[in-house]
Amino acid sequence: MATLKVSGMKGPDCAATISEVVKTVDGIEVVNVNYATGEVTYGPTECVDPDLIEEMIKEAGYEPEDS
């Protein structure tokens, strides 16, 4: 599992949007989004480009934070 910090989430609707976006990536089976902490956890991470996940989150209107 990988964890990514995301800024701009204001509530459950934002978390649901990010969850739906990340779930569309081939190979992703599990997505957990906590809007209170700004953390997105997804996996498994084999064969998944983290840059692709970040780009999809940006396209949804949120900003991945540098780790």
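In full-length UniProt numbering, the protein residues as written are 1 to 67. Idealized CB from N, CA, C, for every residue including glycine. Being a predicted model, the structure only gives us computed values, none of them experimental.
Next item on the list: Could you check which residue in GLY43, ALA15 and THR24 has the C-alpha nearest to that of THR3?
Entry: GLY43
Notebook entry, point to check: Can you tell me the Cα-Cα spacing of MET9 and ILE28, whole angstroms?
Noted result: 21 Å
Note to self: Bridge partners for GLU39 per DSSP, in chain order?
What the structure shows: LYS5 and ASN34
Margin query: Looking at the strands, I want to know which residues DSSP matches up with PRO64.
Written below: VAL6
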